[in-house]
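I have placed the structure first, in the form of structure tokens, so that the comments after it can refer back to it.
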Amino acid sequence: MVEILREGNVFHLRNDQISYVLCELEGGVLAHLYAGPRLSKLDPVNRLRHAGLPVDGFSVQECALDKLPQEYPSFGLGDMREGALTVEAPDGSCAVDLRLVSAEILQQKPALEGLPATRGEGAAALKLKLRDAHTGLEAELNYAIYGDCPVVARSARLTNGGDAPLSVTRAMSLCLDMADDNWELITLTGSWARERHLHRRPLVQGHQGVASQRGASSLQASPFMALVRRDTTEAAGEALGVALIYSGNFVATAEVDHYGATRLLTGINDNDFAWRLEPGESFQTPEAVVCYSAEGIGGMSRGFHRLWENHLLPKKWVGKPRPVLLNSWEAAYFDFDADKLVAIAKAAADAGVELFVMDDGWFGHRDDDTTSLGDWYVDKKKLPDGLKSLGDRVRALGIEFGIWMEPEMVSPDSDLYRAHPDWALHIEGRDYITSRHQLTLDLGRQDVQDFIVDAVTTTLKDSGASYLKWDMNRHFSNIGSSALPANRQKEVPHRYILGLYAVMERLVKAFPDVLFEGCSSGGGRFDAGLLYYVPQYWCSDNTDALCRCQIQYGTTLVFPASTMGSHVSAVPNHQTGRVTPLESRFAVAMGGAFGYELDPRKLSDEDRKQLRGQIDYAARTQELRLYGDFYRLLSPFEGNDTAWMSVSKDRSEAIFTFVRALAQPNAMPPLVRMRGLDPAKRYRVEETGEVYGGDELMQVGLCCRLHPFGSGDAASLLYTLKAVDEA
Ligand code: DGJ
2 MVEILREGNV FHLRNDQISY VLCELEGGVL AHLYAGPRLS KLDPVNRLRH
52 AGLPVDGFSV QECALDKLPQ EYPSFGLGDM REGALTVEAP DGSCAVDLRL
102 VSAEILQQKP ALEGLPATRG EGAAALKLKL RDAHTGLEAE LNYAIYGDCP
152 VVARSARLTN GGDAPLSVTR AMSLCLDMAD DNWELITLTG SWARERHLHR
202 RPLVQGHQGV ASQRGASSLQ ASPFMALVRR DTTEAAGEAL GVALIYSGNF
252 VATAEVDHYG ATRLLTGIND NDFAWRLEPG ESFQTPEAVV CYSAEGIGGM
302 SRGFHRLWEN HLLPKKWVGK PRPVLLNSWE AAYFDFDADK LVAIAKAAAD
352 AGVELFVMDD GWFGHRDDDT TSLGDWYVDK KKLPDGLKSL GDRVRALGIE
402 FGIWMEPEMV SPDSDLYRAH PDWALHIEGR DYITSRHQLT LDLGRQDVQD
452 FIVDAVTTTL KDSGASYLKW DMNRHFSNIG SSALPANRQK EVPHRYILGL
502 YAVMERLVKA FPDVLFEGCS SGGGRFDAGL LYYVPQYWCS DNTDALCRCQ
552 IQYGTTLVFP ASTMGSHVSA VPNHQTGRVT PLESRFAVAM GGAFGYELDP
602 RKLSDEDRKQ LRGQIDYAAR TQELRLYGDF YRLLSPFEGN DTAWMSVSKD
652 RSEAIFTFVR ALAQPNAMPP LVRMRGLDPA KRYRVEETGE VYGGDELMQV
702 GLCCRLHPFG SGDAASLLYT LKAVDEA
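In the working numbering, the protein residues as written are 2 to 728.
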């Protein structure tokens, strides 16, 4: 059930699980009333009285806006909190006073121009039109509520309806004024090789949150935050998550004011941002989604997972098998030729791998990372017979061929840069600043977009690749474009992201059968914006099993297993130097879209023999692992153990992973309480043959008996459970 009700001045969006309510006050001021569990009805009186506001005859005088919970507020006209919108008028003033002009309940959720957004199947949509009389600015607030997940999606479209240019210097996608501050804030932050670590802290008066101004959503921060009650756990309690469908600079803040009310804001980061609107021109914000669950953090995550699976990820790949791949990066780095790659691919094919991916180093004269980005023609020294020949040789082994590119970048040492130095982001008159010896192409430019589309098209056609790893390995500096006038330079980062999306749109349409995997120095742009185009994303360059427990655990807060590229690599691990058992590396990698990051020829005979069994297991359990309902059981951020499980939609099967980081001498084995099973069913643990009731597994737990002594560090269990008829 999904519906949008209009009762007088109240708009009530609801489905079976949640309600979102707003209302129009006198004079067209839009108040936010509620986001939470489904309500039958909400009377604005109560909520406004709580905010200390007169119920009749509301007036913006006397700074009443400072107390009013609002839908899309502006700073400077009485509201002292951070606003959602700032627009510079010709007179230099920046405040905007938006008043409701019209409201329309739509049969279909409109698409967002130039931006990825949730697809509206099964959604009900609401369009509110507001206007600021002083500037002529018009704002369209678009809402959608879904029938199949506890989610409301929001975005804003701004149009200059006046006759003088305006400058939008802040345009958030969402503002959510919550009645109290009795919450804790969860964010996902990190670094290279430490992506999406979970942080939880109480809200305090003032601002707190997470942001990126790196040109990408980044390794350092995820465009997501959640409010949870102090007693909320994985399994119970309120959790309200907000995610932005965007891959560039963003901000997500929770501001607790002096009355103890909490304002959530998320949108494009307004630092160094401005967008000029000539009369008649429009600006579209990215879409933000709010996901509410009363079933704990886990319930919120499953809400997000369902939203992305049903309404965002590329349809062609959702619910579909993913090829088990072997990527050449850690197997060879830049040191390869065609024969070496084919030999690795052959060993991989012999073990059952389905797709061989040639990573960085095949083009220009790229023997290290100092050169050749942009010169997307084959290095004849390494691959004398070209891409097609290599692709054919790999395919002759009975497996598919995939390729790596980093299309958004250019090396100063490249023909591309020598021909088009102005195609790189730069500030006229200042020295270029490289990072990883490379510069960023100015994707806001049409000629750059066309170049990238041509280069990727040629590479895919020449090689016949059925998979493309799309990498991006530096953040912005010297942010400027020679294609834009001075008064539009602050548009560069957002124009870049619009350009990126335009390029992705063209390519995924042109190559519907190619599997695109995103990557940005690992999981650096792992966000809902790119997941609209690519169904899976390389989760991290860190393939150490213990580090991956944290990274994957954090990632699942927002994203489903099917989106996380996770591979088994060699030991000692290339990022940490740690030696972990192969079975644990495998158990952790089973948490995502599975593959290998190693040279199988270098494995011990014993380990190599295991590969075939692993790949069979991966294929057998694929649907369950990637598309089941996901439950986090033990957090690596809270203790020595990690556990998670995925349960089939009909609760007849489950796959369970347990990892103990440091061996514990003379300790009792943990009882890990499962979740999501059918209490009335009995389940056989396939690996041990033992049968337990679903109720017992959830109430008592499964005894996770690692080998008694000498199991060593990073020991693990990987179990599949199947419902059996036995009474
Ligand atoms: C960074 C990626 O995360 C790695 O997997 C690899 O593709 C390198 N770039 C290649 O330069």
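A virtual CB, placed ideally from N, CA and C, is assigned to each residue, including glycine. Treat the numbers as computed from the prediction; the structure is a model and nothing was measured.
For residue i, which three-state DSSP category applies?
i: residue 16; result: strand
i: residue 166; result: coil
i: residue 428; result: coil
i: residue 208; result: strand
i: residue 267; result: strand
i: residue 554; result: helix
i: residue 282; result: coil
i: residue 644; result: strand
i: residue 438; result: coil
i: residue 459; result: helix
i: residue 587; result: helix
i: residue 34; result: strand
i: residue 454; result: helix
i: residue 467; result: coil
Taking only heavy atoms of the ligand DGJ into account, decide whether any of them is closer than 8 Å to the Cβ of residue i.
i: residue 705; result: no
i: residue 383; result: no
i: residue 150; result: no
i: residue 717; result: no
i: residue 347; result: no
i: residue 407; result: yes
i: residue 191; result: no
i: residue 311; result: no
i: residue 481; result: no
i: residue 520; result: yes
i: residue 596; result: no
i: residue 471; result: no
i: residue 539; result: yes
i: residue 363; result: no
i: residue 593; result: no
i: residue 360; result: yes
i: residue 514; result: no
i: residue 377; result: no
i: residue 523; result: yes
i: residue 181; result: no
With C-beta atoms as the reference, is residue i less than 9 Å away from residue j?
i: residue 228; j: residue 186; result: yes
i: residue 502; j: residue 116; result: yes
i: residue 631; j: residue 303; result: yes
i: residue 443; j: residue 471; result: no
i: residue 559; j: residue 511; result: no
i: residue 132; j: residue 99; result: yes
i: residue 687; j: residue 720; result: yes
i: residue 126; j: residue 293; result: no
i: residue 156; j: residue 212; result: no
i: residue 70; j: residue 85; result: no
i: residue 563; j: residue 536; result: yes
i: residue 172; j: residue 246; result: no
i: residue 544; j: residue 438; result: no
i: residue 546; j: residue 588; result: yes
i: residue 672; j: residue 703; result: yes
i: residue 473; j: residue 525; result: yes
i: residue 353; j: residue 714; result: no
i: residue 464; j: residue 389; result: yes
i: residue 306; j: residue 180; result: no
i: residue 167; j: residue 138; result: yes
i: residue 624; j: residue 653; result: no
On the premise that residue j lies in contact with residue i, defined as a C-beta separation below 8 Å, what is that separation, rounded to the nearest angstrom?
i: residue 659; j: residue 644; result: 5 Å
i: residue 174; j: residue 288; result: 6 Å
i: residue 107; j: residue 128; result: 6 Å
i: residue 249; j: residue 218; result: 7 Å
i: residue 375; j: residue 466; result: Incorrect: roughly 19 Å between the Cβ atoms, too far for contact.
i: residue 121; j: residue 145; result: 6 Å
i: residue 308; j: residue 540; result: The Cβ separation is near 20 Å, so there is no contact.
i: residue 387; j: residue 395; result: With a Cβ gap of about 13 Å, residue 387 and residue 395 do not count as contacting.
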